[in-house]
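Written out below as structure tokens is the structure these notes cover.
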Amino acid sequence: MKKIIATMTVCIILFSCSTQKNTDEKPPLYEILKQSEQGGANFRFFEMITEQKEFKMLLNDKDLKNKIKPSDIYTSNFLLLNMGEKNSGGYSFSIENIEETDNDIIITIKENVPKGLATTVMTYPICIVKINSKKNIIIQ
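Heads up, the sequence shown is in our numbering, so the first residue is 1378 and it goes up one at a time.
Put into structure tokens, the structure is as follows:
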């Protein structure tokens, strides 16, 4: 009889606990959605994705379609970083610092170079960053 009461007490405690998610949590300020040595352009440039047509291209990308949703264009900025043509592998981007002010998001980007031996093949490094804010973006 004591075992039954103890078992019922444990069950009541376990099933009465809440597993609701706290919706007050703020998403991270940025997310790197894609980083690849292939897929970029022949020349170096940084671009904000602001046009609906450009955003649709992101939604149709097989690597990104599960990471973004159509409503994100109204709540987030998207940054496309192209390093240009490189003669070996090992090149990439990283976000060294990101700071949010009252009016702006200030991003410090670092271009990483290969360390040691790297593949000797033409690469076109690309990085796509989602910034969870519609504030003005300043790239340093």
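All C-beta atoms, glycine included, are put in the ideal place defined by N, C-alpha and C. On a predicted model such as this, the values are computed, not experimentally measured, just so you know.
task = Could I get the ranges of all uninterrupted beta strand (DSSP E) runs contained in the stretch 1417-1476, with 3 residues as the minimum, in chain order?
result = 1422-1426 and 1454-1459
inquiry  = Cutting at 7 Å between CB atoms, please list the residues of its own chain near N1474, excluding the five before and the five after it.
reply    = T1485
message = For I1450, which residues in the same chain have their Cβ closer than 6 Å to its Cβ, ignoring the five residues on either side in sequence?
response = F1432
query = Looking only at DSSP bridge pairs, what is N1489 linked to?
reply = N1489 is bridged to S1469.
query = Between the beta-carbon of D1481 and the beta-carbon of N1459, is there less than 8 Å?
reply = no
ask   = When DSSP labels each residue in this structure, what does K1507 get in the three-state scheme?
value = strand
inquiry  = Please tell me whether K1444 and L1436 are closer than 8 Å, where the distance is taken between their beta carbons.
reply    = No, they are not a contact pair.
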